[in-house]
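First to last, the sequence lines map onto chains X and L. Under our numbering, the first residue of the first sequence is numbered 12, with each subsequent residue one higher. Under our numbering, the first residue of the second sequence is numbered 3, with each subsequent residue one higher. Positions of the beta carbon are idealized from the N, C-alpha and C atoms, including for glycine.
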Amino acid sequence: MSLRRLFIANRGEIAVRIIRAAQGLGIETVAAVSDADRDSMAARLADRAVVIGPAKASESYLDPRLIVHAAKATGCDGLHPGYGFLSERSILPTLCDQHGIAFVGPTAETIDALGDKIQARALAAAAGVPLVPGCSDIATAADCRREADRIGYPVLIKASAGGGGRGMVIAHDGNEAEAGFARASAEALAAFGDGTLFIERFVPQARHVEVQLMGDGRGDVVHFGERDCSVQRRYQKLVEEAPCVAMPDALRTQLHSAAVSLAASVKYRNAATAEFLYDVTRQEIYFIEVNARIQVEHPVSEMISGADLVQEQLRIAGGAALSKSQADIHLNGHAIECRINAEDPDRDFLPSPGKVSRWVLPEGDGIRVDTHIEQGSVIPPHYDSMVGKLIVHAADRDAAIAKLSAALDQFEVGGISTTIGLHRRIVRHPDFRTNQIHTRWLETGFQDLVAA
Amino acid sequence: MSAPDDVLIGDARALLASFADSGAKTLTVQLRDDVTLALAREAVAAGAGRIVSAPHVATVLHLPAIGSNAAIRLDLLGDEISVELGEHEVIEDLMVAVGEMVEFGTPLARIEIS
Numbered sequence: 012m013s014l015r016r017l018f019i020a021n022r023g024e025i026a027v028r029i030i031r032a033a034q035g036l037g038i039e040t041v042a043a044v045s046d047a048d049r050d051s052m053a054a055r056l057a058d059r060a061v062v063i064g065p066a067k068a069s070e071s072y073l074d075p076r077l078i079v080h081a082a083k084a085t086g087c088d089g090l091h092p093g094y095g096f097l098s099e100r101s102i103l104p105t106l107c108d109q110h111g112i113a114f115v116g117p118t119a120e121t122i123d124a125l126g127d128k129i130q131a132r133a134l135a136a137a138a139g140v141p142l143v144p145g146c147s148d149i150a151t152a153a154d155c156r157r158e159a160d161r162i163g164y165p166v167l168i169k170a171s172a173g174g175g176g177r178g179m180v181i182a183h184d185g186n187e188a189e190a191g192f193a194r195a196s197a198e199a200l201a202a203f204g205d206g207t208l209f210i211e212r213f214v215p216q217a218r219h220v221e222v223q224l225m226g227d228g229r230g231d232v233v234h235f236g237e238r239d240c241s242v243q244r245r246y247q248k249l250v251e252e253a254p255c256v257a258m259p260d261a262l263r264t265q266l267h268s269a270a271v272s273l274a275a276s277v278k279y280r281n282a283a284t285a286e287f288l289y290d291v292t293r294q295e296i297y298f299i300e301v302n303a304r305i306q307v308e309h310p311v312s313e314m315i316s317g318a319d320l321v322q323e324q325l326r327i328a329g330g331a332a333l334s335k336s337q338a339d340i341h342l343n344g345h346a347i348e349c350r351i352n353a354e355d356p357d358r359d360f361l362p363s364p365g366k367v368s369r370w371v372l373p374e375g376d377g378i379r380v381d382t383h384i385e386q387g388s389v390i391p392p393h394y395d396s397m398v399g400k401l402i403v404h405a406a407d408r409d410a411a412i413a414k415l416s417a418a419l420d421q422f423e424v425g426g427i428s429t430t431i432g433l434h435r436r437i438v439r440h441p442d443f444r445t446n447q448i449h450t451r452w453l454e455t456g457f458q459d460l461v462a463a
Numbered sequence: 003m004s005a006p007d008d009v010l011i012g013d014a015r016a017l018l019a020s021f022a023d024s025g026a027k028t029l030t031v032q033l034r035d036d037v038t039l040a041l042a043r044e045a046v047a048a049g050a051g052r053i054v055s056a057p058h059v060a061t062v063l064h065l066p067a068i069g070s071n072a073a074i075r076l077d078l079l080g081d082e083i084s085v086e087l088g089e090h091e092v093i094e095d096l097m098v099a100v101g102e103m104v105e106f107g108t109p110l111a112r113i114e115i116s
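Here's what the structure looks like:
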C-alpha cells in the first residue's frame with residue numbers, strides 16, 4: 012500500500028520540498044497554511060491548500076487538532092510534519108493513529124522515549140553507544156575531586172536542575188574541582204532551590220557530527236553517512252557538510268555503527284538523526300540526542316548518497332520496506348549547505364521580514380537551492396527567518412568550497428537583509444578552508460568575520 | 003480597530019469580518035496594489051451586513067434557522083465549537099452547509115442587527 016493523498020503540516024522550504032517529493036511519487040498533496048501563508052509557494056504548488064488558522068503559529072501550525080482535522084476532512088491518508096512545529100510532539104502521531112492517517116515519522120512511543128533526555132541516554136547506553144563520561148549525584152567536594160580525577164580534566168560541574176549556564180563551573184584540576192563544587196552548589200541552590208550537582212567531561216573544542224538514519228520500523232536501519240555541523244551560532248547551525256573529513260575512517264565506522272545500533276534497538280521507523288559530540292583531541296565521540304524527524308540539513312546527505320530521503324520517508328510511511336540495503340548506499344564526494352536567513356548579521360542577527368524585491372539564484376552543475384521564496388515574495392514576521400538553503404556538491408571539500416564561494420557570489424537578494432554576506436566571509440576564512448573549526452568557532456571569531 | 007499595526011492581512015473577507023467585530027465606525031487601511039482589487043470584489047460579495055466567519059478550520063455541525071440568534075456549531079476533531087452571535091444579532095443568510103469543511107476566515111453567515 013502506498014500513500015494516496017498527503018497532508019503537509021508545515022510551511023516554508025520544507026513544505027515545498029515535501030510537496031515536490033510527493034508529486035514525484037504520484038501522491039496528491041494538501042498543504043496546511045496559516046492566514047499569512049495563503050499566497051505562499053507551498054499553497055500554490057499543492058493540489059489543495061487549507062487555511063487552518065490565523066498567522067500566529069500557536070493558533071495554526073502548532074495546534075495538532077487543526078492539523079489532523081484538516082487532514083481528515085480533506086481525505087488525506089498520510090501526514091508529513093516536516094521539521095520544527097509539531098514534528099517531535101507525540102500528540103501528532105497519536106491523533107493520526109486515532110483517525111486512520113499514516114504519520115510520516117516514528118511512533119508516538121519512540122518520540123516520547125527519545126525526547127526524554129534521561130531515557131534517551133539510557134537507551135543509548137544499553138545499545139553500547141558512547142556517552143560523555145560523567146557522574147551524577149555529587150554530594151561533597153571530595154566526591155567531586157575524586158570523580159573529576161577519574162573522568163579526566165577539564166570537567167564541567169553542573170546543577171542537576173540547571174540551565175542557562177547558572178550553577179555551572181569548569182574545573183581544570185583537582186583544586187579547581189573542589190573549589191568549583193562549593194561555588195556551583197551554592198549557585199544551584201540559589202537559582203533552582205536544589206544544590207544537587209553532576210559532573211561530565213568538558214570538551215573545549217568539540218565538533219558536532221550527526222548520522223542520517225532511516226528505519227523501517229521492524230528493526231532494519233540504514234545510515235547515509237555523517238554530517239559535520241560545527242559552524243553554529245548559539246546552538247543554531249549555519250553551515251553543514253558531509254562527510255566529516257576531519258574524522259578518521261576507524262572512528263567514522265564506530266560512529267555509524269553506534270547510531271544504527273541505537274535506532275535498531277528501538278525498531279526505529281522513518282528518518283532520524285543521531286547527534287554526537289566529536290572530541291578531536293581525544294578522538295572520541297559522545298552521544299548527544301536523537302532528532303526523530305527529517306532535519307533541515309538532510310540535503311547534504313542526499314547529495315553525497317544520491318538518495319531522496321523525503322521520498323524514502325513517504326514510501327516507508329506507506330508500508331514499504333527500506334528501498335536500499337546498506338551495501339547499496341554509496342557515498343561520493345563532498346557536499347556543503349549554507350542556511351540563508353532573513354537576518355542582519357551586522358545588527359545582532361535582527362530578523363528582516365518584508366518584500367523580496369530581487370531574488371537571483373545561483374545555477375550550475377552540483378548546485379541546489381531549496382527555497383519557498385521568489386521575487387516579489389513577502390516574508391511574514393511570524394515565523395523562522397530561513398528563506399532558503401544553498402547546497403553544493405563536488406568531488407572533494409576544496410572543490411566544494413570553491414563552488415560554494417562562487418555560488419554565494421551569484422546569489423542576489425534585494426529588499427531584505429540576509430546572511431549571504433556572512434556565509435561568503437565564512438567560506439573564505441582560513442580556519443574554514445583548512446577545516447580548523449569547532450562548535451564555538453563562529454562565536455569566538457565572530458567579530459573578525461563581521462569586520463572582514 | 004485594535005489590531006496590531008504590523009499585521010499583514012492577506013484575506014479581504016477576514017479583514018471585513020475583523021472590522022465588523024471591532025465595532026469601529028471607520029476603517030483606514032494601506033493596501034498593496036494587488037490587494038486592492040480583491041478587497042473591492044469581496045466587499046461587494048459581502049454586502050453591507052456583518053459577516054461572521056470561521057475562527058479556524060472545522061466542519062459545520064449545526065446551523066441555526068434564518069432569523070435565529072442561536073450559535074453556529076462547528077466540529078473540531080470531535081469537539082464542539084460554538085460561534086456565538088451578539089445579543090441583538092440574528093442570522094440573515096447562511097453561507098455554508100452542514101457537513102462542509104470551513105477554513106479560517108470562511109464566511110459562515112450574514113448577520114443583521116435586530
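| request: Just the chain L side, please: which residues come within less than 7 angstroms of Pro104(X) by C-beta, in chain order? | output: Translated into the one-based positions of the first sequence, residue 104(X) becomes position 93. For Pro104(X), no chain L residue has a C-beta closer than 7 angstroms to its own C-beta; the minimum C-beta separation is roughly 15 angstroms.
| said: Does the CB of Ala68(X) have a neighbour CB from chain L at under 8 angstroms? | reply: Taking the first sequence and counting its residues from 1, one reaches residue 68(X) at position 57. Ala68(X) has a beta carbon lying at 8 angstroms or more from every beta carbon in chain L.
| From Leu262(X), Ser268(X) and Gly145(X), residue whose alpha carbon lies closest to that of Gln294(X) | Here the question's residue 294(X) lines up with position 283 in the first sequence. With distances taken between CA atoms, Gln294(X) lies nearest to Leu262(X) out of Leu262(X), Ser268(X) and Gly145(X).
| said: Strictly by DSSP, which residues pair up with Met314(X)? | reply: Position 303 of the first sequence, counting from 1, holds the residue named residue 314(X). DSSP, once it has assigned bridges, lists no residue as partnering Met314(X).
| Anticipated Cβ contact below 8 angstroms, Ser45(X) with Gly64(X), distance rounded | On the first sequence, residue 45(X) is found 34 positions in, with the first residue counted as 1. On the first sequence, residue 64(X) is found 53 positions in, with the first residue counted as 1. At roughly 6 angstroms, the Cβ-Cβ gap stays under 8 angstroms, so Ser45(X) and Gly64(X) are in contact.
| field | Rounded distance between the beta-carbons of Ile25(X) and Ala42(X), thought under 8 angstroms | value | Walking along the first sequence from the start, residue 42(X) turns up at place 31. Walking along the first sequence from the start, residue 25(X) turns up at place 14. Their Cβ separation, rounded to whole angstroms, is 11 angstroms, which puts Ala42(X) and Ile25(X) out of contact at 8 angstroms.
| request: Assuming Gly226(X) and Tyr279(X) form a contact by the criterion Cβ under 8 angstroms, report the distance between their Cβ atoms to the nearest whole angstrom. | output: Along the first sequence, read from residue 1 onward, the residue named residue 226(X) stands at position 215. Along the first sequence, read from residue 1 onward, the residue named residue 279(X) stands at position 268. Contact flag correct, Cβ pair sits at about 4 angstroms.
| Under 8 angstroms between C-beta atoms, does Val59(L) make it to chain X? | Counting from one through the second sequence, the residue named residue 59(L) turns up at place 57. Closer than 8 angstroms to some Cβ of chain X, the Cβ of Val59(L) qualifies, so yes.
| Start and end of the alpha helix (DSSP H) containing Gln386(X)? | If you number the first sequence from 1, residue 386(X) lands on position 375. Element bounds for Gln386(X): n/a, residue is neither H nor E.
| Reduced DSSP secondary structure (H/G/I, E/B, other) of Ala405(X) | The sequence position of residue 405(X) within the first sequence is 394, counting from 1. Note: Ala405(X) maps to strand in three-state DSSP.
| request: Give a yes or no on whether 8 angstroms exceeds the smallest Cβ distance from Glu105(L) to chain X. | output: Here residue 105(L) refers to the residue found at position 103 when the second sequence is read from its first residue. Chain X contact via Cβ: present.
| Check whether Gly89(X) and Leu14(X) have beta carbons under 8 angstroms apart | One-based indexing of the first sequence puts residue 89(X) at position 78. One-based indexing of the first sequence puts residue 14(X) at position 3. Contact flag set, yes.
| task | With DSSP collapsed to three states, give me the class of Gly37(X). | result | Indexing the first sequence from 1 puts residue 37(X) at position 26. Under the three-state reduction of DSSP output, Gly37(X) falls in the coil class, being neither helix nor strand.
| query | So, do the segment 94–102 of chain X and the segment 78–87 of chain L have three or more beta carbon pairs nearer to each other than 8 angstroms? | reply | In short, these stretches do not touch, since the Cβ pair count stays below three.
| field | Given Asp160(X) as reference, the closest of Pro144(X), Ala170(X), Ser171(X) and Ala172(X) once Cα atoms are compared | value | One-based indexing of the first sequence puts residue 160(X) at position 149. Looking at the Cα atoms, Pro144(X) is the closest of the given residues.
| said: Check whether the segment 241–248 of chain X and the segment 187–194 of chain X are in contact - that is, three or more C-beta pairs closer than 8 angstroms. | reply: The answer is no - the segment 187–194 of chain X does not touch the segment 241–248 of chain X, with fewer than three Cβ pairs under 8 angstroms.
| message | Using CA atoms only, rank isn't needed, just tell me which of Ala201(X), Leu208(X) and Val311(X) is closest to Val220(X). | response | In the first sequence, residue 220(X) corresponds to position 209, counting from 1. The option with the nearest alpha carbon to Val220(X) is Val311(X).
| field | CB contact below 8 angstroms: Leu79(L) versus chain X | value | Indexing the second sequence from 1 puts residue 79(L) at position 77. Yes, Leu79(L) counts as interfacial toward chain X.
| request: Check whether the segment 405–421 of chain X touches the segment 55–70 of chain X, counting contact only when three or more Cβ pairs, one atom from each stretch, lie closer than 8 angstroms. | output: At 8 angstroms Cβ cutoff, the stretches do not touch.
| request: Tell me where the beta strand (DSSP E) around Thr121(X) begins and ends. | output: As a working mapping, residue 121(X) is identified with position 110 in the first sequence. In the DSSP assignment, Thr121(X) falls outside any beta strand (DSSP E) and within the unbroken alpha helix (DSSP H) covering Ala119 to Gly126.
| said: Starting from Gln265(X), trace the beta strand (DSSP E) in both directions and tell me its first and last residue. | reply: In the first sequence, the residue the question calls residue 265(X) occupies position 254. It is not in any beta strand (DSSP E) - Gln265(X) instead sits in the alpha helix (DSSP H) that spans Asp260 to Ser276.
| Taking all protein chains shown into account, do 16 or more other C-beta atoms lie within 10 angstroms of the C-beta of Thr450(X), making it buried, or fewer, making it exposed? | In the first sequence, counting from the first residue as 1, residue 450(X) sits at position 439. With 16 or more Cβ atoms within 10 Å of its Cβ, Thr450(X) is classed as buried.
| query | What does Ala84(X) touch in chain L if you count any residue whose Cβ is under 9 angstroms from its own? | reply | By 1-based counting over the first sequence, the position of residue 84(X) is 73. Result: Val59, Ala60, Thr61 and Met103.
| task | Would you mind giving the Cβ-Cβ distance between Tyr289(X) and Arg218(X), rounded to the nearest angstrom? I have them listed as a contact below 8 angstroms. | result | Stepping through the first sequence from its first residue, residue 289(X) is reached at position 278. Stepping through the first sequence from its first residue, residue 218(X) is reached at position 207. Contact between Tyr289(X) and Arg218(X) is confirmed by a C-beta separation of about 4 angstroms, below the 8 angstroms threshold.
| task | For my contact list, Gln140(X) and Ala269(X) are in at a C-beta cut-off of 8 angstroms; report their separation, rounded to the angstrom. | result | Position 129 of the first sequence holds residue 140(X). Position 258 of the first sequence holds residue 269(X). Here the sequence assigns Val to residue 140(X), which means Gln is not the residue at that position. Correct: roughly 4 angstroms between the Cβ atoms.
| query | By how many angstroms is the C-alpha of Arg112(L) removed from the C-alpha of Glu252(X)? | reply | Translated into the one-based positions of the first sequence, residue 252(X) becomes position 241. Translated into the one-based positions of the second sequence, residue 112(L) becomes position 110. The alpha-carbon atoms of Glu252(X) and Arg112(L) are separated by roughly 56 angstroms.
| query | Which residues in the same chain have their Cβ closer than 8 angstroms to the Cβ of Ala50(L), if we skip the five residues on either side of it in sequence? | reply | Indexing the second sequence from 1 puts residue 50(L) at position 48. Note that Ala50(L) scores 47 on pLDDT, short of 50, meaning its location in the model is unreliable; the coordinates nonetheless yield the value given after this. A distance below 8 angstroms between beta-carbons, with the five flanking residues on each side excluded, links Ala50(L) to no residue of its chain.
| field | Arg229(X) to Asn281(X) span [Cα, whole Å] | value | Residue numbering aside, residue 229(X) sits at position 218 when the first sequence is read from its first letter. Residue numbering aside, residue 281(X) sits at position 270 when the first sequence is read from its first letter. Distance between the alpha carbons of Arg229(X) and Asn281(X): 11 angstroms.
| Once you ignore the five residues that flank Val46(L) on each side, which residues in its own chain have a CB closer than 7 angstroms to its CB? | Along the second sequence, one-based indexing puts residue 46(L) at 44. Below a pLDDT of 50, predicted positions are generally treated as unreliable, and Val46(L), at 49, falls in that range; the measurement from the model is reported next regardless. In the same chain as Val46(L), and ignoring 5 residues on each side of it, no C-beta atom comes closer than 7 angstroms to its own.
| field | Buried or exposed (CB count within 10 angstroms, at least 16 for buried), Gly107(L) | value | In the second sequence, the residue the question calls residue 107(L) occupies position 105. With 16 or more neighbouring CB atoms inside 10 Å of its own CB, Gly107(L) falls in the buried class.
| task | Could you tell me if Ser241(X) is buried or exposed, where buried requires 16 or more neighbouring beta carbons within 10 angstroms of its beta carbon? | result | The residue labelled residue 241(X) in the question sits at position 230 within the first sequence. It counts as buried.
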